[in-house]
Structure formats: structure tokens, C-alpha cells
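Q: Have a look at this one.
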Amino acid sequence: GGADRDVVAVELWRLPSDFFSLPPEEQWQALERVISPAKKISKPRQPCEMSAGEEAIAVAFFLVVLGVPLLVPFVTVLLLATRSSCTTLWLALVGVLALHPMPKFKTWQRRNRIGVILAKYFTMTMLLDRSNPLFKEAGKRAVEDTPADVPLVCLACPHGVLNFGAIVWCFFSRWMCGLDQYTASASVVKWVPGLRYLDPPMHCIGVSRQSLKRALQERPRLRDESGKAFDTRTVARGGMIGIVPDGIAGIFRCKPGQDVLFIGKKRGLMRICLEEGALIMGGWFSGTSEMFKIVVDPFGIMEAISRKLQVSLFLFFGRWGSPVPHRSPVTLFAHTQKCTKNPAPTDEEVDTLHQEVYGGMVKVYDEMRHYAGYPDRRLAIL
């Protein structure tokens, strides 16, 4: 980065654990204290210190959201194979875990201490270029008066097993761009025992074209009836979505030590962005591919079945050979691109936007990787 760049590091891991229960004024002060000029580093950050109690909460969280989905099929097959008398009881329990009702779009699900605990677990740092209009006031009180333009589409790259950096972003987007995002995810997530507990804090919506367009056209409610602006205690949803663009292919091509984004021929999302005149924020969460080792079969059978079922079927392991991710420090950097609204874009226009968005991400990656401690790494878009 040259002298004209004004890059700051927002070190979310330094926030107090009770951040979300603080009065709004104190939240902004706490954020101010964790923002400083970014420094170039020659090797990746080390995981920050966290209390044994908070680490235990994080581990329990991962065992529920990632361990339970792995456990259910194994136990089910075992019980059926041995014709166990417990099979009916077990299937009833799985049914309850898959179907019990959960409240949706509640404020407490977003303003929740687990957001800070995850930020600490992954030593979460956001690198923001202040010369970019979207990030000029990010993390400052002024962002409430000048929230991001909607519609806003946030690309969370790469998918990995699960992009936990992007999940942390869900908790803090209100302080970064003045809005709370919806997250587009496969509808099957709502029914997977354990994994479905990610649905409430992420405010999940479907990934269909209709669902995405409806969310982007919704206008965020930022003021009450009298015209007074809501503070951070109120969720400001509408017009902003987060989505992982590389999907199933991104899981199967995720390897520690490599930063690869596999988009292939998919262009549907770029078409929607043009039709809606969206502002696109292409976010790269470095450190995501270091969280887990994914077991890939050499014949691509699991990937083919996953595509057919529209749900990812794969094995992975992290710390202690378990479904708990390694404490890989995560750093976010982003490229932004404004689309001119075009109700009927041609294939060429869609492809041009695709090149601009992902080419821009590669450029920002090259400029920012020094601040994340990966000076020799390259981002490949396939």
C-alpha cells in the first residue's frame, strides 16, 4: 500500500466480552479503542489469549453446530445395523432436534456474547481502507447517520467447512456499515440437528433468486414513527444480504496453505446484482482454509452426490482430530464495486461485472495480504 492508503485494523478480539450488553454510547467507545493504523507483518498472527471459560464455551458451540451433524448419521447407521432396541428412541430424538421451533429474527440472537467469544477464538481482525467510501466511518458513531447504500451484497469468501469469520461479521455489521444483514443459506440448514442453531444469529433466508431479490428490495427500518434514529439495540435489517459465492465446490477445494476461490461458470448472483443496482462488497476472510482439514475422495463421488442433493456431504477434522476448528486467526479485507441498475443485463455485461468483482478482490488481496501476515501468498480465482 502506498502513502495514499489509510488502512486501519479493527481488532474485534480486543472488545470486552460484555460488548453487546453495554449502552450504545459505551459500545462505540469500546470500538474506538480497538481501531488503530494497520501494520505490515511478515507472518500470520498468533491466536490471542482467551480465558479457559470462554474457550470452553466456544468449543461447546462448535461441538453442537458441527459435531452433532457428524454424529447423527454415524449413530443412526450403527443402531440400524445392530438392530438396537434404542433405534426408535434415537430417531425420535433426532426428529425433535431437527424440527423443534426456534424464534427467528430476534434482537438477542444478534446482540449475543457468543459473537465476541467467536471473535476472540479466531483473533478476528478487519482491515478497512478509509479511502473507500463504504469504510470511511466504519466502527465510528457517524456510521449510524450514514449507513451503507442499499441494496448491499456481501460476498463471504472462501466457503471452507464454514466461514466463521463471516459469521462473526453478522454480529458486527451494524457497527461497520450501519445495517444488519440477512444471510443466504441452503434451506436444508434449517433442518440439520445442531447446524440449524446457526440460523437464528445469521438471520438466514433462502438462496433462490426470488428470495434474494425480495431481501434486496426490502428497505431497512432505521427510524421510529417520530423520525428518531434507532440505536444499535434495534436490528436494522433489509436491503443487505451476505452470501458465500463458491458454495459446494468451495468446500471440496479448500486446502490449508492455499487461498483458492472456485466460482466456475456461476453468474446468477452477478445478474441479480446488476438487476437491483447493488453495491457489492467482496470480502476475503484469510485464515478460513487453515481451520480444518477436509477429507476428499479422489474420485469426486462425495462432491457429485452433494451437488445432486444440494447439501454438502464431507468429512473434516480440526483440533484434536475433532470437529472443533483450529484457532486460526482470521483477517477480513474487502473490495467494493457499485453496479449501475440494469433490469435486463446481457450475458456480456454480467461477465464483465464478474471479472471486475473477482479481479478487484485479487487486487485488494495483493495489497492487503502484508497486513494479514501472508506476504507470499496469492489468491487464485477458478
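Everything in the sequence shown is counted per the numbering used here, starting at 182 for the first residue and increasing by one. Yeah, the Cβ is synthetic: ideal placement off N, Cα and C, and Gly gets one too.
1. Got a sec? Which residues, its chain only, sit under 8 Å from Asn293 by beta carbon, not counting five neighbours each side?
2. How would you write the range of the alpha helix (DSSP H) that Asp310 sits in, first residue to last?
3. Report buried or exposed for Ser366, applying the criterion of at least 16 other Cβ atoms within 10 angstroms of its Cβ.
4. So for Ala184, helix, strand or coil by DSSP?
5. Are His516 and Gly541 closer than 8 Å when you measure CB to CB?
6. Exposed or buried, what is Asp185 when buried is set at 16 or more other beta-carbons lying within 10 Å of its beta-carbon?
7. Name the DSSP beta bridge partners of Ala337, please?
8. With distance defined between alpha-carbon atoms, name the residue in Pro504, Pro314, Arg418 and Ala459 nearest to Ile252.
9. Name, in chain order, the residues that DSSP records as bridge partners for Pro218.
10. Within the chosen definition, does the region 475-484 reach the region 268-280 through at least 3 CB pairs nearer than 8 Å?
11. How many angstroms separate the CA atom of Ile386 from the CA atom of Val349?
12. Please go through the same chain and pick out, in chain order, the residues whose beta-carbon is closer than 8 Å to the beta-carbon of Arg400, but skip the five residues on each side of it.
13. Only counting runs of 3 or more residues, tell me where the beta strand (DSSP E) segments fall wholly within the region 192-254, in order along the chain.
14. Is it true that the CB of Val416 sits closer than 8 Å to the CB of Leu309?
15. For Gln439, name the three-state secondary structure that DSSP assigns.
16. Less than 8 Å separating the beta-carbons of Cys358 and Thr304?
17. Between which two residues does the beta strand (DSSP E) harbouring His516 extend?
18. Of all the options Gly341, Val370 and Gly449, which has the alpha carbon lying nearest to the alpha carbon of Pro476?
19. Give me whichever residues DSSP pairs with Gly423 in a beta bridge.
20. Within 10 Å of its beta-carbon, does Cys267 have 16 or more other beta-carbons around it, so buried, or fewer, so exposed?
21. Contact between the region 432-451 and the region 465-472: three or more CB pairs below 8 Å?
22. From the DSSP output, in three-state form, read off Gly554 for me.
A: In this structure, then:
1. Here residue 293 refers to the residue found at position 112 of the sequence shown. For Asn293, where only same-chain residues beyond five positions count, the Cβ hits under 8 Å are Phe201, Phe352 and Pro382.
2. What you label residue 310 is simply residue 129 of the sequence shown in a count that begins at 1. Not the alpha helix (DSSP H): Asp310 falls in the beta strand (DSSP E), residues Thr306 to Asp310.
3. As a first step, residue 366 is located in the sequence shown; it is residue number 185 there, counting from the start. Buried.
4. On the sequence shown, residue 184 is found 3 positions in, with the first residue counted as 1. Low per-residue confidence applies at Ala184: pLDDT is 37, beneath 50, and the placement is therefore not dependable enough to give any value.
5. Translated into positions along the sequence shown, residue 516 becomes position 335. Translated into positions along the sequence shown, residue 541 becomes position 360. Closer than 8 Å, so yes.
6. In the sequence shown, counting from the first residue as 1, residue 185 sits at position 4. Residue placement at Asp185 is flagged as unreliable, the pLDDT there being 42, under the threshold of 50; the coordinate-derived value follows with that caveat. Under this definition Asp185 is an exposed residue.
7. One-based indexing of the sequence shown puts residue 337 at position 156. When beta bridges are read from the DSSP output, Ala337 appears opposite Gly464.
8. One-based indexing of the sequence shown puts residue 252 at position 71. Reading off the sequence shown, one finds Leu at residue 252, where the question assumed Ile. Selected option, being the one with the closest Cα: Pro504.
9. The sequence position of residue 218 within the sequence shown is 37, counting from 1. Partner(s): Val189.
10. no
11. Stepping through the sequence shown from its first residue, residue 386 is reached at position 205. Stepping through the sequence shown from its first residue, residue 349 is reached at position 168. Rounded to whole angstroms, Ile386 to Val349 spans 17 Å at the Cα level.
12. Here residue 400 is taken as the residue at index 219 of the sequence shown, counted from 1. So the qualifying residues of the chain are Val331, Gly419 and Gly420.
13. 216-218
14. Against the sequence shown, residue 309 aligns to sequence position 128. Against the sequence shown, residue 416 aligns to sequence position 235. Cβ distance not < 8 Å, so Leu309 and Val416 don't count as in contact.
15. Mapped onto the sequence shown, residue 439 falls at position 258. Reduced to three states, the DSSP call for Gln439 is coil.
16. Position 177 of the sequence shown, counted from the start, is the residue given in the question as residue 358. Position 123 of the sequence shown, counted from the start, is the residue given in the question as residue 304. No; because the gap between Cβ atoms is not below 8 Å, this pair is not in contact.
17. Residue mapping note: residue 516 aligns to position 335 of the sequence shown, counting from 1. It spans Thr512 to Lys519 - the beta strand (DSSP E) in which His516 sits, taken as one unbroken run.
18. By one-based count along the sequence shown, residue 476 stands at place 295. With the sequence shown as reference, residue 476 is identified as Val, and Pro is not the correct amino acid for it. Selected option, being the one with the closest Cα: Gly341.
19. Numbered from 1 along the sequence shown, position 242 holds the residue referred to as residue 423. In DSSP, Gly423 forms a bridge with Cys335 and Thr364.
20. The residue labelled residue 267 in the question sits at position 86 within the sequence shown. That one is exposed.
21. yes
22. Locating residue 554 in the sequence shown gives position 373, counting from the first residue. Three-state result, Gly554: coil.
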